[in-house]
Amino acid sequence: MTQSTDAATGLDPEDSKIITLARSARARNGVPEGAAVRDETGRTYVAGTVELDSLKLSALRTAVAMAVASGATSLEAAAVVTDADGASDEDRAAVRDLGGAATPVLVAGPDGVLRVTVPAG
Numbered sequence: 031m032t033q034s035t036d037a038a039t040g041l042d043p044e045d046s047k048i049i050t051l052a053r054s055a056r057a058r059n060g061v062p063e064g065a066a067v068r069d070e071t072g073r074t075y076v077a078g079t080v081e082l083d084s085l086k087l088s089a090l091r092t093a094v095a096m097a098v099a100s101g102a103t104s105l106e107a108a109a110v111v112t113d114a115d116g117a118s119d120e121d122r123a124a125v126r127d128l129g130g131a132a133t134p135v136l137v138a139g140p141d142g143v144l145r146v147t148v149p150a151g
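In this text, residue positions in the sequence shown follow the working numbering: the first is 31, and each later residue adds one.
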């Protein structure tokens, strides 16, 4: 089966979609990071950074938690939109726990441009 790519970005359209969703969550909520994950059935889960006095979660860990709470048993891909240069070890560990070591984590800047793709493992 041939996988299509977006001519402008070189990304699979489904990967472009989760970057767009992550970027929208970041902007809409005015948080430092936005994230989205895609489960084994193609469903997406979108989240922003959570900063409460009693609870602090990155956007990516929140998105993974939302997927688990909704019954996802695996992940196909994850995306985070951030000012940081990459995904933290803790974020990649959360993706790895649900999706496995080879699950791609797409890291994009606030402009939505992909900076790097790293495996969760």
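Every residue gets a Cβ at the ideal spot worked out from N, C-alpha and C, and that includes glycine.
Remember, it's a predicted structure, so these values are computed and weren't measured experimentally.
{"Query": "Output yes if chain D places a C-beta closer than 7 angstroms to the C-beta of Gly-116; else output no.", "Result": "Note that chain D does not occur in the displayed structure, where there is just one protein chain."}
{"Query": "Going by alpha carbons, who is nearest to Thr-112 out of Glu-63, Lys-86 and Ser-46?", "Result": "Glu-63"}
{"Query": "Compute the Euclidean distance between the alpha carbons of Ala-99 and Ile-49, then round it to the nearest angstrom.", "Result": "21 angstroms"}
{"Query": "Going by Cα to Cα distance, which pick from Gly-72, Asp-83, Gly-116 and Thr-103 is closest to Val-135?", "Result": "Gly-116"}
{"Query": "Can you have a look at Val-146 and say buried or exposed, based on whether 16 or more other CB atoms are within 10 angstroms of its CB?", "Result": "exposed"}
{"Query": "For Thr-71, which of Gly-129, Gly-78, Lys-86 and Gly-40 has the nearest alpha-carbon?", "Result": "Gly-129"}
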